[in-house]
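Heads up: the structure comes next, in structure tokens.
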Ligand SMILES: C[S@@+](CC[C@H](N)C(=O)[O-])C[C@H]1O[C@@H](n2cnc3c(N)ncnc32)[C@H](O)[C@@H]1O
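In my numbering, the protein residues as written are 2 to 657.
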């Protein structure tokens, strides 16, 4: 305890001199002149002046990965060659999001310094050394009385230091007078609301609030609570960057303010253009040579990929070169390599790509399989099927069968336990790819996230059911999204862990941040730390989530309960006026076939079940009863069908 207290004081006593040297206004002006990218790195610098060793070291603790850890299975060449990408892009300052729950929600204790210190074990040990060093040097042989005396003295010194720091801050605030940063009053906000957004004002206020929140006990604006600051910051970010309040709130739950700003700034810039060499047709070096000769300025993408190239600039349109048209490469974001590397497809396997269009990952899977084995590439949106087929042809992929069906039907079409691996690059909210699609800033809502989560859970169970747990080479499922939302990522995997006989294994990707095992009030299976999260501000790639599951047994644990459990997540009423709802409706179409009529009946039954559930709020015996009713109903349906068939047979006999 003494150690953490003392650390806090050291941090505090470091801050005022900085402030004295530069008044806030001067700082604000200085920051205004900085480029957005510089903001992130400067923040690192500012951090290191404010509470430097604490936060920085804490972040390092979180991103540290054990290089000795190995995947349970052999990983693809690419994955095996992986190294820490952070070391590449020099963005280590921005690594790690550690204060997920403390900083963002504004409900926390104002004294966040205490919290950070309390959690920071590495930092604690650093201080301990410092103290014990001075202690042992001065009185290692002294008796207990002396120690007590000494410790009292230290405490007194520290108390004085703290007093001084507070006094200094007061002095400074007095000095600063009207210049000291404060939150706007209600009247001022009303006044602001009357005109168009004052962008320079918003920008400087965002910076000041972020700064205040990062060292709140010292930089707290006059009389404001942490919650006031967070609320003002949310509102200012939403106005300045054009987000809806739902998404800003959701992102605040994921990142502490300083890191959130880094993420939001990263979303304002495009990620580097990258291409993937199609090893079915060429080698990376050869491709690079040809493109260089055409005036394309490029480099190998990173240490972790043997096939990626990053394009800095180009004198020719990179999506229309003869090499592109001949299928020598795919224009593909770096994050899209990752699920395929995690899948690590082997030659001669049977693999399903559940949501395949436009085929970026399917073509990579085919290349890793060297066009052997069989890939079932499924896509349920017809227009997207065309782009999938076009890409497969262009890239010279010959081991693929294209399907057009909803994934729920796939286990019926292909058979359960029928393949070695499945890739589910799931439809999602796209909250990790805002740089590519700015509309995400305003188009997402809680309802929509819930709806995606519901769909994703169903898709994942179907994906698992297709995999043969006894496959000699595989038995794996890779789940990925380009969403940052926990509901679409960790929560979906946690659900599958409960519903099927699967276990999380390492992705084989030796960078990225570990998935959450806890998030707000949620507690996930501890193995969720084997999943990986990738962020634009940390890894300079689109936001992505990757999880790899190993199917342990072909026995279903509770298939009959799948719908029940989904119903309890409060997702029965999904809005139907957007793309994905359309997709859900489309799912009904294939059910018109003979085989899938049963599916429709089941789905109707399950809807009935959900309705009655939400009306009544069931207890377990009722659920059991309902299940029994369903089984009886199914039996009745098949009996009725049998009778109908019989009648038809007899009719045709009579005719004959
Ligand atoms: C993230 S994208 C896939 C991108 C693709 N894997 C690639 O790398 O090029 C998700 C895809 O899932 C499709 N989709 C949506 N709902 C689906 C469903 N119920 N079953 C199968 N696919 C679905 C969407 O049309 C979309 O093409």
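Note that the Cβ used here is the ideal one computed from N, Cα and C, for glycine as well. Just so it is clear, the structure is predicted and the values come from calculations on it, not from any experiment.
Any residue whose CB is nearer than 5 Å to a heavy atom belonging to ligand 1, listed in chain order: 356, 358, 359, 361, 362, 381, 382, 385, 407, 408, 426, 428 and 584
Check the C-beta distance from residue 517 over to residue 491 and give it rounded, since I have them as a contact under 8 Å. 5 Å
Contact defined as beta carbons within less than 8 Å: I believe residue 553 pairs with residue 503. What is the distance between those atoms, to the nearest angstrom? 6 Å
Round the Cβ separation of residue 288 and residue 247 to the nearest angstrom and send it over; I've been treating them as touching at under 8 Å. Going by Cβ atoms, the distance from residue 288 to residue 247 rounds to 43 Å, so no, they are not a contact pair.
How do the region 442 to 459 and the region 369 to 388 stand: do at least 3 beta-carbon pairs fall below 8 Å, yes or no? no
Quick check on residue 231: does DSSP put it in helix, strand or coil? helix
Please specify which runs of the alpha helix (DSSP H), each continuous and at least 4 residues long, are wholly inside the region 391 to 461, giving them in chain order. 411 to 415 and 441 to 444
Looking at residue 252 and residue 538, is the spacing between their C-beta atoms short of 8 Å? no
Does DSSP put residue 652 in a helix, in a strand, or in coil? helix
Whole angstroms are fine: how far does the CA of residue 397 sit from the CA of residue 455? 36 Å
Starting from the C-beta of residue 339, find all residues in its chain whose C-beta is less than 8 Å away, skip the five residues before and the five after it, and write them out in chain order. 481, 508, 510, 513, 533, 535, 545 and 547
Cβ of residue 184 within 8 Å of Cβ of residue 237? no
Could you pull out every residue in the same chain whose Cβ sits closer than 7 Å to the Cβ of residue 91, ignoring the five residues on either side in sequence? Confidence in residue 91 is poor, its pLDDT being 31 and thus under 50, which makes the residue's placement unreliable; the coordinate value appears in the next sentence. Excluding sequence neighbours, residue 91 sits near nothing in its chain.
Is it right to say residue 649 is buried, meaning 16 or more other beta carbons lie within 10 angstroms of its own, or is it exposed? exposed
Quick test of your reading: residue 667 and residue 483, contact by CB under 8 Å. State the CB separation rounded to the nearest angstrom. With the chain covering 2 to 657 only, the question about residue 667 has no answer from this structure.
For residue 349, which option in 364, 371, 359 and 332 has the closest C-alpha, if you only look at C-alpha atoms? 371
Counting pairs of Cβ atoms below 8 Å between the region 420 to 433 and the region 358 to 377, do you hit three or more? yes
Residue 362, enclosing alpha helix (DSSP H) - first and last residue: 361 to 369
Does the region 302 to 319 come close enough to the region 276 to 294 to have 3 or more Cβ pairs within less than 8 Å? yes
Assuming residue 208 is part of the alpha helix (DSSP H), what are its boundary residues? 200 to 215
Does residue 379 come out as helix, strand or coil in the three-state DSSP assignment? strand
Spatial neighbours of residue 280 in its chain, beta-carbon cut-off 7 Å, leaving aside the 5 residues before and after: 308 and 368
Pick helix, strand or coil for residue 505, following the three-state DSSP scheme. strand
How is residue 340 classed by DSSP in three states: helix, strand or coil? helix
In whole angstroms, give me the CA-to-CA distance for residue 197 and residue 432. 27 Å
Which residue's Cα is closest to the Cα of residue 227: 235, 488, 239 and 214? 214
For residue 479 versus residue 549, is the C-beta spacing smaller than 8 Å? yes
Quick one: what does DSSP say residue 309 is sitting in, helix, strand or coil? strand
Look at the alpha carbon of residue 182 and the alpha carbon of residue 210, and state the distance between them as a whole number of angstroms. 9 Å
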